[in-house]
Amino acid sequence: MQIRSLPFTTSRRRMLLRALCGAAALQAPLAALAGFNFFTSEYTATRDELQAQIAKRFPVAERYAEIFMVGLRDPQLGLDARGNRAAITATLTIASPLLAASPVQGVVSVSSALRYDAAARALRLDHPKAERLELQGVQGRDAERLQQVGAVVAQELLQGQVLRSFTAEELTVGRKTYEIGDITVQDDGIKVQLK
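Numbering (our numbering), first residue to last: 95 to 289.
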């Protein structure tokens, strides 16, 4: 059996060049939408992506009862797949002229449900709850009172905090604009349904 090789004509070169250019052009939009999977109608935000988004929004602070200034910084994201909750652990600072050792430092861990805010196209913390709060250098009744203040303010500061926002372009493919549906917390990221 003889195999003949066809001459590599100019028209065949053009076809090959068009095919290669088409493949490169097709990959560019898909790379920009790396976390989107429109075939399965879902988007997955990785833990690293979410951590980077959260870090941009800190430090945060709020005055409580005109006596205390409570601040949070250095947030660390935790994901609880079994409870379908996200958690933020942050350094807590409480300052007040009433405290002998001011400011008081500590750590707070807050877990939260998640919700999608359609108007802002944002995935937000919803009803955060302080699970653990430890303060340094304070004991007794003062520690109990400061823990209560710290827990309340941490919950207020994190209520509605954005974990991931989406642009209109990210949620649009061709003429179809997707909405966010069910939210599922995984061990290594958060998956949302596109509908």
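Just so it is clear, CB atoms sit at the ideal spot from N, CA and C, and this is done for glycine as well.
Short check: CB of Y158 to CB of V286, under 8 Å? no
Less than 8 Å between C-beta atoms, sequence neighbours within five positions excluded: which residues of the same chain meet that for K223? V204, S205, S206 and Q249
Near V243, what residues of its chain come up, given a Cβ to Cβ distance below 6 Å and the 5 sequence neighbours on each side ignored? Y158 and F162
So, V279 versus N178, is the Cβ gap smaller than 8 Å? yes
Sorted by chain position, which residues of the same chain lie with C-beta nearer than 8 Å to L229's C-beta, five sequence neighbours on each side aside? L186, I188, V198, Q199, G200, A237, L240, Q241 and G244
So I65 packs on L171, CB below 8 Å; how close in whole Å? Residue 65 is absent from the model: the chain starts at 95 and stops at 289.
Distance between E156 and D142 (C-alpha atoms, nearest Å): 27 Å
Helix, strand or coil at D282 [DSSP, three-state]: coil
Inter-residue Cα distance where the pair is V154 and G165: 6 Å
So what does DSSP say about V247, is it helix, strand or coil? helix
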